[in-house]
Amino acid sequence: MAKRSLPTYTQRLLRQLRLKLSTAFPSQETLDLSVVICTYNGEQRLPLVLDCLLAQLGTEQLAWEVIVVDNNSTDGTAQVVETYQQYWPQDVPLRYAFEPRQGAGYARQHAIQIARSPLVGFLDDDNHPALGWVLAAHRFGLAHPQAGAFGSRIRGDFETTPPPNFDRIGAMLALTERGSEPLIYDPKQKVLPPGAGLVVRRQAWLNSVPEQLSLADNIGFRAAGEDLEVVIYMQRHGWEIWYNPAMRVKHDIPASRFERDYLLRLFRGIGLSRHRTRMLSVARWLWPLMTLLYMANDLRKILRHLVRYRGEAIADTVNACELTLYVYSLASPFYMAQRLWRQRQQYRNSQTGDVPC
Numbered sequence: 011m012a013k014r015s016l017p018t019y020t021q022r023l024l025r026q027l028r029l030k031l032s033t034a035f036p037s038q039e040t041l042d043l044s045v046v047i048c049t050y051n052g053e054q055r056l057p058l059v060l061d062c063l064l065a066q067l068g069t070e071q072l073a074w075e076v077i078v079v080d081n082n083s084t085d086g087t088a089q090v091v092e093t094y095q096q097y098w099p100q101d102v103p104l105r106y107a108f109e110p111r112q113g114a115g116y117a118r119q120h121a122i123q124i125a126r127s128p129l130v131g132f133l134d135d136d137n138h139p140a141l142g143w144v145l146a147a148h149r150f151g152l153a154h155p156q157a158g159a160f161g162s163r164i165r166g167d168f169e170t171t172p173p174p175n176f177d178r179i180g181a182m183l184a185l186t187e188r189g190s191e192p193l194i195y196d197p198k199q200k201v202l203p204p205g206a207g208l209v210v211r212r213q214a215w216l217n218s219v220p221e222q223l224s225l226a227d228n229i230g231f232r233a234a235g236e237d238l239e240v241v242i243y244m245q246r247h248g249w250e251i252w253y254n255p256a257m258r259v260k261h262d263i264p265a266s267r268f269e270r271d272y273l274l275r276l277f278r279g280i281g282l283s284r285h286r287t288r289m290l291s292v293a294r295w296l297w298p299l300m301t302l303l304y305m306a307n308d309l310r311k312i313l314r315h316l317v318r319y320r321g322e323a324i325a326d327t328v329n330a331c332e333l334t335l336y337v338y339s340l341a342s343p344f345y346m347a348q349r350l351w352r353q354r355q356q357y358r359n360s361q362t363g364d365v366p367c
């Protein structure tokens with residue numbers, strides 16, 4: 011019989027011990043990595059993501075876990091997780107959590123609170139991580155201790171051919187292709203990774219991100235801007251934000267995502283959240299001035315777009331998406347002010363017991 015490698019055997023024992031400690035002391039960071047899947051009605055999509063995580067390579071020496079956060083689903087999402095738990099490997103805990111408040115921001119906040127590791131990786135239920143994603147995430151986190159968050163290299167898996175010039179708007183659908191070398195995001199460039207495939211340092215989140223995010227709940231159709239809000243808070247507190255191409259993810263994009271109505275709603279939501287994400291990077295005393303400057307720039311973009319594309323500015327889907335983004339970015343300060351006023355009214359009513367008419 012072949013001799014057992016002492017280091018490998020010892021590492022396995024240590025890994026098992028850490029898993030037992032994580033169960034005995036759930037509030038402690040005893041694991042290497044937590045992979046979180048936030049899902050809403052993901053009964054059909056969730057199995058493929060879990061299968062990708064089951065097939066991960068190079069994780070023999072890692073102590074990691076998978077957490078499915080059910081964001082108030084009304085389908086069989088919970089039953090899917092329960093089925094997988096029956097044959098899921100015991101050395102990689104598969105946990106289920108329910109978050110009743112609708113919105114990706116609430117689901118992610120919940121995950122941060124219950125994760126049992128210093129690194130937390132977020133996957134959407136339509137994200138399919140490559141076989142080495144978990145290992146690449148852990149290695150990058152160890153090699154870059156000042157990284158508060160780092161994003162994946164995300165390519166689309168399209169059910170149908172994208173519309174012409176789709177590359178101009180692909181980033182808005184969480185597609186990220188920035189080359190084969192790691193890079194740090196410069197705060198001056200105002201470009202940041204999406205929440206899909208994002209790994210965050212749990213302590214950076216707890217130290218930097220407020221419990222109540224302004225964009226945590228859905229703005230009618232999408233938790234628009236919430237991803238950026240989290241990362242901007244970390245960046246403001248001195249944490250580095252990186253792009254890690256070794257973490258490869260395929261983003262499943264069905265034909266319905268290319269329907270004109272869906273795309274226009276998506277860009278409307280992104281535009282309406284712009285004022286909040288812009289002001290996060292600005293000193294409060296500069297808000298009035300910067301609001302006017304941003305509005306002037308948005309108006310300039312609208313006029314330039316109309317002159318450049320003329321009749322195609324609305325007829326062409328990609329052009330219409332860009333125009334929608336500019337128009338609703340211009341309206342964003344008014345929308346966010348109205349939204350804040352409503353939130354304050356709701357809070358006052360909750361304190362006094364009044365019911366608004």
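Start counting the sequence shown at 11; every next residue gets the next number (the numbering used here).
Beta carbons: idealized from backbone N, C-alpha and C, even for Gly.
### Terminal residues of the beta strand (DSSP E) in which Lys200 lies
By 1-based counting over the sequence shown, the position of residue 200 is 190. Lys200 -> no beta strand (DSSP E), and no H or E assigned at all.
### Beta-carbon proximity of Asp167 to His315, cut-off 9 Å
Translated into the one-based positions of the sequence shown, residue 167 becomes position 157. Translated into the one-based positions of the sequence shown, residue 315 becomes position 305. For the pair Asp167 and His315, the CB atoms are not nearer than the 9 Å cut-off.
### Query
From what residue to what residue does the alpha helix (DSSP H) around Trp297 run?
Residue numbering aside, residue 297 sits at position 287 when the sequence shown is read from its first letter. Taken as a continuous stretch (DSSP letters only), the alpha helix (DSSP H) holding Trp297 covers Trp297 to Tyr319.
### Task
Give me the Cα-Cα distance between Gln54 and Asp177, rounded to the nearest whole angstrom.
Numbered from its first residue, the sequence shown carries residue 54 at position 44. Numbered from its first residue, the sequence shown carries residue 177 at position 167. Straight-line measurement puts the Cα of Asp177 at about 28 Å from the Cα of Gln54.
### Query
Can you tell me where the beta strand (DSSP E) with Asp262 in it begins and where it stops?
The residue given as residue 262 occupies position 252 in the sequence shown. From DSSP, the beta strand (DSSP E) with Asp262 extends over Glu250 to Ile263.
#### Entry: Asp308 versus Leu299, Thr170 and Tyr338, residue with shortest Cα-Cα distance
Taking the first residue of the sequence shown as position 1, residue 308 is located at position 298. Taking each of Leu299, Thr170 and Tyr338 in turn and checking the Cα distance to Asp308, the smallest one comes out for Tyr338.
### Message
Classify Pro110: buried if its beta carbon has 16 or more other beta carbons within 10 angstroms, exposed otherwise.
### Response
As a position in the sequence shown, residue 110 is number 100, starting the count at 1. Exposed.
### Query
Does DSSP classify Gln353 as helix, strand or coil?
The count along the sequence shown starts at 1 and reaches residue 353 at position 343. In the structure shown, Gln353 sits in a helix (DSSP, three-state: H, G or I).
### Task
Measure the C-alpha to C-alpha separation of Arg212 and Glu169 and round it to an integer number of angstroms.
Taking the sequence shown and counting its residues from 1, one reaches residue 212 at position 202. Taking the sequence shown and counting its residues from 1, one reaches residue 169 at position 159. If I take the Cα positions, the gap works out to 35 Å.
### Query
Cβ of Gln245 within 9 Å of Cβ of Leu193?
By one-based count along the sequence shown, residue 245 stands at place 235. By one-based count along the sequence shown, residue 193 stands at place 183. Between Gln245 and Leu193, the C-beta gap is not smaller than 9 Å, which leaves the two residues out of contact.
### Task
My understanding is that Cys48 touches Asp134, with C-beta atoms under 8 Å, so please give their C-beta distance in whole angstroms.
Along the sequence shown, read from residue 1 onward, the residue named residue 48 stands at position 38. Along the sequence shown, read from residue 1 onward, the residue named residue 134 stands at position 124. That belief holds up - the Cβ atoms of Cys48 and Asp134 are roughly 7 Å apart, short of 8 Å.
### Query
What is the DSSP secondary structure of Ala107, counted as helix, strand or coil?
Numbered from 1 along the sequence shown, position 97 holds the residue referred to as residue 107. Secondary structure of Ala107 (DSSP, three-state): strand.
### Query
Which parts of the region 130-174 are runs of the alpha helix (DSSP H), unbroken and 4 residues or longer, counting only runs that do not cross its ends?
Within the region 130-174, the complete alpha helix (DSSP H) runs of at least 4 residues are 143-153.
### Query
How is the beta strand (DSSP E) around Thr49 delimited, first residue to last?
The count along the sequence shown starts at 1 and reaches residue 49 at position 39. Residues Leu43 to Thr49.
### Query
For Arg352, is the classification buried or exposed, using 16 other Cβ atoms within 10 angstroms of its Cβ as the cut-off for buried?
One-based indexing of the sequence shown puts residue 352 at position 342. That one is exposed.
### Message
Three or more C-beta pairs under 8 Å: does that hold for the region 149-161 against the region 71-80?
### Response
At 8 Å Cβ cutoff, the stretches do not touch.
### Query
Starting from Ile77 and walking both ways along the beta strand (DSSP E), at which residues does that stretch end?
Taking the first residue of the sequence shown as 1, we reach residue 77 at position 67. Going by DSSP, Ile77 is part of the beta strand (DSSP E) stretching over Trp74 to Asp80.
#### Entry: Under the three-state DSSP convention, the category Ile242 falls into
Counting from 1 along the sequence shown, the entry for residue 242 is found at position 232. In the structure shown, Ile242 adopts helical secondary structure according to DSSP, grouped into three states.
### Query
Cα separation between Arg354 and Leu67?
As a position in the sequence shown, residue 354 is number 344, starting the count at 1. As a position in the sequence shown, residue 67 is number 57, starting the count at 1. C-alpha separation (whole angstroms): 49 Å.
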